[in-house]
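Undergrad:
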Amino acid sequence: MTFPSTSARAIRPVRAIAAALLAGALLSGCTTFSDDGRNQYERAQGEEPGATADATESEKPEPPYDVRPLLQPDKEYLGVAADGAPKKMDAVKDFAERAGKKPNLIEFYSAWGDRYETSLVQNAWDYGGLSFIAWEPFDVDLKDIASGKEDEYIRTYARSVKELNLPVAISFAHEMNGFWYPWGTKKATAAQFTAAYKHIHDLFDDEGATQVIWVWSPNVVNPMPKVKLKPYYPGDEYVDWVGIIGYYATDGPSTWDALYGPSVTQIRSFTKKPFIIAETAAQAGERKPADIKDLFQGTAKRKDFIGFVWFNFDKETDWRINSGPLSEKTFREQAKDARFGFDVTKP
Amino acid sequence: MTEQQYTYEGYPQPHDPWQYQEEHQLYAGEPQQGQAVRGEVTESGSWRFDGQISAYTDQQTYETYAPYDPYATYTAPAPAPQPVPAPVAPEPVPQTPGYVLPPVAESAWEMDTRRSRLLGRLALLCILLIQAGLSLRLRGTAFQDEALYIASGHYELANLLHGDKLPVDFAAYFSGHPKLYPVVAAVVDSQFGLTGVRLLSLLFMLGATALLYSLTRRLFNPRAGLGAAALFSVLQSTIVLGNFATYDAAAIFLLALAAWAVVRTDRMNDLAVLLAAPPAALAFGVKYASGIYLPTLVLLAVITAHRHRGLRALVRGVVLGAGIAALLGAGYVLSGPLGGISSTTTDRAKGTDTAATMLSHSAEWGGLVFLAALGGSVAYALRARMGEMPWLGAETSGRWRRAALGLVLTGTALLAPAYQIHLHTEISLYKHVGFGLLFAAPMAGLGMARLVGPHFRHPQLGILLYVLTLVFGMVQAQRAYSFPDSTQMTAYLRTVVDKKGTYLAEEQEVPAYYLRDETDWTQWQNSYVMDYRGKDGKQYTGPDAFRQAVRDGKFDAIVMHGDVSPGTYAAVKEGLKNNSHYRLAAVFPYTTSSGEHAYRIWVKR
Numbered sequence: 002m003t004f005p006s007t008s009a010r011a012i013r014p015v016r017a018i019a020a021a022l023l024a025g026a027l028l029s030g031c032t033t034f035s036d037d038g039r040n041q042y043e044r045a046q047g048e049e050p051g052a053t054a055d056a057t058e059s060e061k062p063e064p065p066y067d068v069r070p071l072l073q074p075d076k077e078y079l080g081v082a083a084d085g086a087p088k089k090m091d092a093v094k095d096f097a098e099r100a101g102k103k104p105n106l107i108e109f110y111s112a113w114g115d116r117y118e119t120s121l122v123q124n125a126w127d128y129g130g131l132s133f134i135a136w137e138p139f140d141v142d143l144k145d146i147a148s149g150k151e152d153e154y155i156r157t158y159a160r161s162v163k164e165l166n167l168p169v170a171i172s173f174a175h176e177m178n179g180f181w182y183p184w185g186t187k188k189a190t191a192a193q194f195t196a197a198y199k200h201i202h203d204l205f206d207d208e209g210a211t212q213v214i215w216v217w218s219p220n221v222v223n224p225m226p227k228v229k230l231k232p233y234y235p236g237d238e239y240v241d242w243v244g245i246i247g248y249y250a251t252d253g254p255s256t257w258d259a260l261y262g263p264s265v266t267q268i269r270s271f272t273k274k275p276f277i278i279a280e281t282a283a284q285a286g287e288r289k290p291a292d293i294k295d296l297f298q299g300t301a302k303r304k305d306f307i308g309f310v311w312f313n314f315d316k317e318t319d320w321r322i323n324s325g326p327l328s329e330k331t332f333r334e335q336a337k338d339a340r341f342g343f344d345v346t347k348p
Numbered sequence: 226m227t228e229q230q231y232t233y234e235g236y237p238q239p240h241d242p243w244q245y246q247e248e249h250q251l252y253a254g255e256p257q258q259g260q261a262v263r264g265e266v267t268e269s270g271s272w273r274f275d276g277q278i279s280a281y282t283d284q285q286t287y288e289t290y291a292p293y294d295p296y297a298t299y300t301a302p303a304p305a306p307q308p309v310p311a312p313v314a315p316e317p318v319p320q321t322p323g324y325v326l327p328p329v330a331e332s333a334w335e336m337d338t339r340r341s342r343l344l345g346r347l348a349l350l351c352i353l354l355i356q357a358g359l360s361l362r363l364r365g366t367a368f369q370d371e372a373l374y375i376a377s378g379h380y381e382l383a384n385l386l387h388g389d390k391l392p393v394d395f396a397a398y399f400s401g402h403p404k405l406y407p408v409v410a411a412v413v414d415s416q417f418g419l420t421g422v423r424l425l426s427l428l429f430m431l432g433a434t435a436l437l438y439s440l441t442r443r444l445f446n447p448r449a450g451l452g453a454a455a456l457f458s459v460l461q462s463t464i465v466l467g468n469f470a471t472y473d474a475a476a477i478f479l480l481a482l483a484a485w486a487v488v489r490t491d492r493m494n495d496l497a498v499l500l501a502a503p504p505a506a507l508a509f510g511v512k513y514a515s516g517i518y519l520p521t522l523v524l525l526a527v528i529t530a531h532r533h534r535g536l537r538a539l540v541r542g543v544v545l546g547a548g549i550a551a552l553l554g555a556g557y558v559l560s561g562p563l564g565g566i567s568s569t570t571t572d573r574a575k576g577t578d579t580a581a582t583m584l585s586h587s588a589e590w591g592g593l594v595f596l597a598a599l600g601g602s603v604a605y606a607l608r609a610r611m612g613e614m615p616w617l618g619a620e621t622s623g624r625w626r627r628a629a630l631g632l633v634l635t636g637t638a639l640l641a642p643a644y645q646i647h648l649h650t651e652i653s654l655y656k657h658v659g660f661g662l663l664f665a666a667p668m669a670g671l672g673m674a675r676l677v678g679p680h681f682r683h684p685q686l687g688i689l690l691y692v693l694t695l696v697f698g699m700v701q702a703q704r705a706y707s708f709p710d711s712t713q714m715t716a717y718l719r720t721v722v723d724k725k726g727t728y729l730a731e732e733q734e735v736p737a738y739y740l741r742d743e744t745d746w747t748q749w750q751n752s753y754v755m756d757y758r759g760k761d762g763k764q765y766t767g768p769d770a771f772r773q774a775v776r777d778g779k780f781d782a783i784v785m786h787g788d789v790s791p792g793t794y795a796a797v798k799e800g801l802k803n804n805s806h807y808r809l810a811a812v813f814p815y816t817t818s819s820g821e822h823a824y825r826i827w828v829k830r
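In order, the protein sequences belong to chains A and B. Per the numbering used here, the first sequence starts with residue 2, numbered consecutively. Per the numbering used here, the second sequence starts with residue 226, numbered consecutively.
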């Protein structure tokens, strides 16, 4: 029996096929295993391209806090800014005891460059209070914020807000229509203020820090009637609350309407956002009990006002509710009003 | 062997040292009862074997002596008493080679049908296990299409069972009949959820691989069958579709079943080929794009029968074609208008993808297997066999038939890319490539067998081809199987939606599917098409409609990521400018192979 000489004929096609296959593999390998391809693969595996495996952090399963019920609650906020709070809640507790009602909005101040004080916000929340941070851009130019020079800080701040996942009201550069702060009318223009404000807001959105209640907080127009507010307004999409600031001073307007009326009228011409009195108090004096009563009743009367924050400090003058026994008594009586105060954790 | 044989009467004695050897002889197929024991009586009167008792005659043997057994019934005349001579040294055994190849079997292992069937099936089982592992390795929440088909299936099922009105006419835009796969998927979904539906797809794909093995085995040989199954099982499309709740897997299975039936009935009566008609017609119904492969089935019916009945094979083709056409006609009459056929398949809107991209992508996805098929076709056309059994004859007739078979099967792999290049759209091409490769796989399997060569001469080449295909398939599948993780998005939306709201969502099918207990299909506005009459009384279409609707606050929630509808996303963002209706409620970042993205959810304030 003879075997046909298969070797030469059989091997040649084999070589040809093998060569063709290898060439094909190399060609397609160029794209599939290119740097770009590898990045795509790693991303599809849920990894950061080029990152080590343990560098990826696990996602937080908890959904972001829905702040909407806090934006326009049926009842009024009873807020307070008190010494040392919310790091130490003694002053707040003292205020609550004197007022006969627990405040549910705790305001404190944060300078530009401070990190987001998660422990303070958590403290306030544990007490039953929503944090209200007045974010004060000392030592920084509004232009720089708008141009992106401060982005890293803002993003870090926003990420902390997102990570903590508790609601927080933030008012950036309050009293911008006044001349006394470094971000006031003497140092910055309205356009610079709105640009910085919007930029911060956009970065927060970009980071997904949706837990923020954005407060646009002008001073009442009475001291500087020539400064129009509209140019300072960033727009409805950027604002949740209009946090008007106005104090009952002995030499100033003595009624709610006189104190807030002109500002409210002006602001209502360009937005329908709810008002909150972001800072108020009454100067110690004979008029103080009347002022307190006026504040409560004026605020409760207007549907579009959702409360106020009492500046309970003895600074410049004694703004505290306990500056006199009659004031304290009046505050306690007024605060009994069921319309004031509610549980922010279960709005 | 013509040696003097003595009859050994009786059975082996107890402690018979030769028992083993005798049994060994038995095993070796020597005479059984009353064995003939070769040997002679030595001069000393003892029994001497001749040393050539083994069946392995070529092996070294040793001189052996048996003790004298007085009870042995040897009846030869006693030799005359003689002085006992001194023992004689054993004669030297002629020198034999140390090792000689055992006799060559009559045929290759695969011709031994029982053994080859068992081995083939074991190998196939391994292939299927690997395929299942590769598919199950992929994970993710429902993809847009999966959500669409399963959700629509629930509505279609309610329509079938209770006559509920369909929320939309799914038949108008589906690329398969909405009352076939979606209904099955919905039934499985209500029992086992999305995972169950995906497992169903895995079963379909495993079935397709097994059928592919069987039909290739019948067309060629088990080795080619294993090659075809191995290569097909690790393709990107196979891996992805095996964990993908769309009708692609079902269609591939039905096509494989039809092809198998065509090949299986090659020697039967002409009418037997009609067995392939129902799965073929059903494949078309399940996914209209399968229709492009029906001509391949008809041609295959002719070519496979040509060997046995020459020109009469054409009858088989006609019978199959007529059978499929009749079934499709009946189906069309029963099902009513199907706008989806033209809008998704025959008259699809032309895209803007270039031929070059699509060709290079197709080559990436299936080029290797296609080349193997091409090689297999050429090799098959040149020679019908590899020449492992030279006595069967090197040359066989039917070169044209062989060439035609290769051409039809391998050429089918080009249909989908060619058609989509014609349409300028790459949508789903990564899946459709797999349909054509199902048909090219037998030739690729044959190519692989030829590459390995006769008597497994180059197993490394076959392994190389398989491993390359596997690596490409794995990597590409991981990339293709990458879509937004919607877990957090749907969890959040669940807290937002109700029975009345209107929601704009990019890939709205996904939340509509996951939240179907809370919402109705029609509450979800897609991000592709919209006609809207604004509050200003004007009629808007396209991106303008989305922009205006957002400005007017038409939606109660908006979910966008801009990955699928960048145009709409831009319009929505514009609509959100100076818009006090909405507030950004949540941002859920996710990563896909195309990069980092995020779901952004806006809700009414």
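Just so it is clear, CB atoms sit at the ideal spot from N, CA and C, and this is done for glycine as well.
1) Give me the subset of the segment 799-822 of chain B whose CB atoms are less than 8 Å from a CB atom of chain A, sorted by chain position.
2) Listing by chain order, which chain B residues have their CB less than 9 Å from the CB of arginine 69 of chain A?
3) Is tyrosine 728 of chain B close to chain A, meaning its C-beta is less than 8 Å from at least one C-beta of that chain?
4) Starting from the C-beta of alanine 811 of chain B, find all residues in its chain whose C-beta is less than 6 Å away, skip the five residues before and the five after it, and write them out in chain order.
5) Measure the alpha-carbon distance for valine 465 of chain B versus glutamine 73 of chain A and round it to whole angstroms.
6) With 8 Å set as the bound, which would you pick, yes or no: does the beta-carbon of threonine 331 of chain A sit closer than that to a beta-carbon of chain B?
7) Give every residue of the same chain whose Cβ lies closer than 7 Å to the Cβ of phenylalanine 271 of chain A, excluding the five residues on either side of it in the sequence, and list them in chain order.
8) Beta-carbon within less than 6 Å of valine 733 of chain B's beta-carbon, same chain only, minus the 5 sequence neighbours each way: which residues are those?
9) By the 10 Å Cβ neighbour count, where 16 or more other Cβ atoms means buried, how is glutamine 461 of chain B classified, buried or exposed?
10) Reducing DSSP to helix, strand and coil, say where leucine 639 of chain B ends up.
11) Measure the C-alpha to C-alpha separation of leucine 654 of chain B and threonine 712 of chain B and round it to an integer number of angstroms.
12) For the segment 577-603 of chain B, which residues have a beta carbon sitting closer than 9 Å to at least one beta carbon of chain A?
13) At 8 Å on the CB atoms, spell out the chain A contacts of tyrosine 717 of chain B, in chain order.
14) Could you name the residues of the segment 136-165 of chain A whose beta carbon sits closer than 9 Å to any beta carbon of chain B, in the order they occur along the chain?
15) Are the beta-carbon atoms belonging to alanine 191 of chain A and glycine 244 of chain A less than 8 Å from one another?
16) Suppose you measure from the CA of alanine 454 of chain B to the CA of phenylalanine 205 of chain A; what does that come to, to the nearest Å?
17) Would the beta-carbon of glycine 85 of chain A fall within 8 Å of that of proline 104 of chain A?
18) Look up lysine 89 of chain A in the DSSP assignment and say whether it is helix, strand or coil.
19) Is lysine 274 of chain A helix, strand or coil when you go by DSSP?
20) Would you tell me roughly how many angstroms separate the C-alpha atoms of alanine 372 of chain B and methionine 583 of chain B, rounded to the nearest one?
21) Give me, in chain order, the residues of the same chain whose beta-carbon lies closer than 7 Å to that of histidine 202 of chain A; leave out the 5 immediate sequence neighbours on both sides.
22) Going by C-alpha to C-alpha distance, which of B:Gly631, B:Gly388 and B:Leu593 sits closest to alanine 609 of chain B?
23) When the Cα atoms are used, what is the spatial distance from threonine 441 of chain B to glycine 601 of chain B?
24) At the 8 Å Cβ level, is tyrosine 238 of chain A part of the contact set with chain B, yes or no?
25) What three-state label does DSSP hand glutamate 371 of chain B in the structure shown?
26) Measure from the C-beta of leucine 460 of chain B to each C-beta in chain A and report whether the shortest distance is under 8 Å.
27) So with CB distances below 8 Å, who are the chain A contacts of threonine 720 of chain B?
28) Which residue marks the beginning of the beta strand (DSSP E) containing methionine 785 of chain B, and which one marks its end?
29) Would you kindly work out how many angstroms separate the C-alpha atoms of tyrosine 198 of chain A and glycine 591 of chain B, rounded to a whole number?
30) What residues in its chain sit with their C-beta under 7 Å from that of arginine 346 of chain B, if we drop five residues either side in the sequence?
31) Counting only runs of 4+ residues fully inside the segment 82-145 of chain A, write out the alpha helix (DSSP H) ranges in chain order.
32) Could one say the Cβ of glycine 672 of chain B lies closer than 8 Å to chain A's Cβ atoms, at least one of them?
33) Taking lysine 163 of chain A as the reference, give the member of A:Gln212, A:Arg116, A:Glu118 and A:Ala147 with the closest Cα.
34) Return helix, strand or coil for isoleucine 528 of chain B, following the three-state DSSP convention.
35) Tell me the residue span of the alpha helix (DSSP H) that contains threonine 300 of chain A.
36) Cutting at 7 Å between CB atoms, please list the residues of its own chain near lysine 294 of chain A, excluding the five before and the five after it.
TA: Here's the rundown:
1) Taking 8 Å as the Cβ-Cβ cut-off against chain A, the residues of the segment 799-822 of chain B that qualify are Leu801, Lys802, Asn803, Asn804, Ser805, Tyr807, Arg808, Leu809, Ala810, Ala811, Val812, Phe813, Pro814, Thr816, Thr817, Ser818, Ser819, Gly820 and Glu821.
2) Neighbours of arginine 69 of chain A across chain B, judged by C-beta separation under 9 Å: Arg808, Ala810, Val828, Lys829 and Arg830.
3) So, not an interface residue.
4) The beta carbon of alanine 811 of chain B is closer than 6 Å to those of Tyr717 and Ile826 in its chain, skipping five residues each way along the sequence.
5) When rounded, the distance between both Cα atoms is 49 Å.
6) Not one chain B Cβ lies under 8 Å of threonine 331 of chain A.
7) Hits under 7 Å: Lys231 and Tyr234.
8) Position check: residue 733 of chain B holds glutamine in this sequence, whereas valine was assumed. Within its own chain, the residues whose Cβ lies closer than 6 Å to the Cβ of glutamine 733 of chain B, once the five positions on either side in sequence are excluded, are Trp749 and Asn751, listed in chain order.
9) Under the 10 Å beta carbon count, glutamine 461 of chain B is surrounded by 16 or more other beta carbons and is classified as buried.
10) Assigned with DSSP and collapsed to three states, leucine 639 of chain B falls in coil, not helix or strand.
11) In a straight line, the C-alpha of leucine 654 of chain B is about 27 Å away from that of threonine 712 of chain B.
12) Residues passing the 9 Å Cβ filter: Ser585, His586, Ala588, Glu589, Trp590, Gly592, Leu593, Phe595, Leu596, Ala597, Leu599, Gly600, Gly601 and Val603.
13) Chain-order list of chain A residues neighbouring tyrosine 717 of chain B: Pro64 and Pro65, by C-beta distance under 8 Å.
14) Lys163: these are the residues of the segment 136-165 of chain A whose beta carbon lies less than 9 Å from some beta carbon of chain B, given in chain order.
15) No, the pair does not count as a contact, with Cβ atoms beyond the cut-off.
16) Answer to the nearest angstrom: the Cα atoms are 53 Å apart.
17) Their beta carbons are not under 8 Å apart, which means glycine 85 of chain A does not touch proline 104 of chain A by this criterion.
18) Three-state DSSP puts lysine 89 of chain A in coil, outside helix and strand.
19) Looking at lysine 274 of chain A - three-state DSSP - the assignment turns out to be coil, as it is neither helix nor strand.
20) Rounded to the nearest angstrom, the gap between the Cα atoms of alanine 372 of chain B and methionine 583 of chain B is 26 Å.
21) Trp215 and Tyr239, listed in sequence order.
22) Here the closest residue by C-alpha is B:Gly631.
23) Threonine 441 of chain B and glycine 601 of chain B: Cα-Cα distance of roughly 12 Å.
24) Looking at the sequence shown, residue 238 of chain A is not tyrosine but glutamate. The beta-carbon of glutamate 238 of chain A is placed less than 8 Å from the nearest beta-carbon of chain B.
25) In the displayed model, glutamate 371 of chain B falls within a helix according to three-state DSSP.
26) Judged by the 8 Å Cβ criterion, leucine 460 of chain B is not in contact with chain A.
27) Pro64 and Asp67, listed in chain order.
28) Taken as a continuous stretch (DSSP letters only), the beta strand (DSSP E) holding methionine 785 of chain B covers 782-785.
29) C-alpha of tyrosine 198 of chain A to C-alpha of glycine 591 of chain B: approximately 54 Å in a straight line.
30) Listed in chain order, the non-local C-beta contacts of arginine 346 of chain B below 7 Å within the same chain number zero, local neighbours out to five positions each way being set aside.
31) Entirely contained in the segment 82-145 of chain A, the alpha helix (DSSP H) runs reaching 4 residues are, in chain order, 91-100 and 119-128.
32) Closer than 8 Å to some Cβ of chain A, the Cβ of glycine 672 of chain B qualifies, so yes.
33) Of A:Gln212, A:Arg116, A:Glu118 and A:Ala147, the residue nearest in Cα terms is A:Gln212.
34) DSSP places isoleucine 528 of chain B in helix when its eight states are reduced to three.
35) Run containing threonine 300 of chain A: 289-302, per the alpha helix (DSSP H) assignment.
36) The answer, listed in chain order, is Thr331 and Gln335.
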